[in-house]
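Here the structure comes first, spelled out in structure tokens, and everything after it is commentary.
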Amino acid sequence: MNWLIVIASGIFGGIASVLLRIAALKGIALGESSVLPWLMRGAAVAAYGAGFILYALALRRTTLGIAYPTMVAVSMIVVLSFTALHENLLRPVQAAGAFVILIGVWMLTRYAS
């Protein structure tokens, strides 16, 4: 159950980052007077808030050494997935760096109690 809360927190954080990216692109394309970028920014703030609340709940039952790296890794996977699928800008060096970070997270959480 704790893992699900931490993973959900990371997903919300990643979604918020993606929404901010889309809002920035739409703001450029449609103009800042358009309502859509502002709605996306509001949704991003709500997603960050939901992620924060879930993270705070997870910290009640999980150690910081497990919760934080896991949350960040999940957020990173969400953002990199968006980048790879929609922007086609994920370079091999970026993929390798993400892999190294994920291995580091695995090493940090593997023996944490």
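Number 113 marks the last residue of the sequence shown (UniProt numbering); no jumps. Ideal Cβ placement from N, Cα and C applies to all residues, glycine included. In this text, all values refer to a predicted model and were calculated from it rather than measured experimentally.
Would you call VAL93 buried or exposed, if buried means 16 or more other Cβ atoms sit within 10 Å of its Cβ?
Taking the sequence shown and counting its residues from 1, the one referred to as residue 93 is at position 93. Per the 10 Å Cβ criterion, exposed.
SER33: first and last residue of the uninterrupted alpha helix (DSSP H) it sits in:
Locating residue 33 in the sequence shown gives position 33, counting from the first residue. No alpha helix (DSSP H) contains SER33, which DSSP labels as neither H nor E.
Output the boundary residues of the alpha helix (DSSP H) element that contains THR83.
Against the sequence shown, residue 83 aligns to sequence position 83. Neither: THR83 is in no alpha helix (DSSP H) and is coded neither H nor E.
Give the C-beta separation of PHE12 and GLY51 to the nearest angstrom, bearing in mind that I take them to be a contact with Cβ-Cβ under 8 Å.
Indexing the sequence shown from 1 puts residue 12 at position 12. Indexing the sequence shown from 1 puts residue 51 at position 51. Correct: roughly 3 Å between the Cβ atoms.
Do three or more CB pairs link the stretch 77-96 to the stretch 5-23 at distances below 8 Å?
yes
Does the Cβ-Cβ distance between ALA47 and LEU59 come in under 8 Å?
Translated into positions along the sequence shown, residue 47 becomes position 47. Translated into positions along the sequence shown, residue 59 becomes position 59. Their beta carbons are not under 8 Å apart, which means ALA47 does not touch LEU59 by this criterion.
Using C-beta distances below 7 Å, list every residue in its chain close to VAL6, excluding the 5 sequence neighbours before and after it, in chain order.
For the purposes of this step, residue 6 is identified with residue 6 of the sequence shown, where counting begins at 1. These residues qualify, in order along the chain: ALA58, THR62, ALA67, THR70 and MET71.
Would you decide whether VAL105 is buried or exposed? Buried here means 16 or more other CB atoms lie within 10 Å of its CB.
By one-based count along the sequence shown, residue 105 stands at place 105. Burial call: buried.
Which residues bound the alpha helix (DSSP H) around ARG110?
For the purposes of this step, residue 110 is taken as the residue at position 110 of the sequence shown. Element bounds for ARG110: 92-110.
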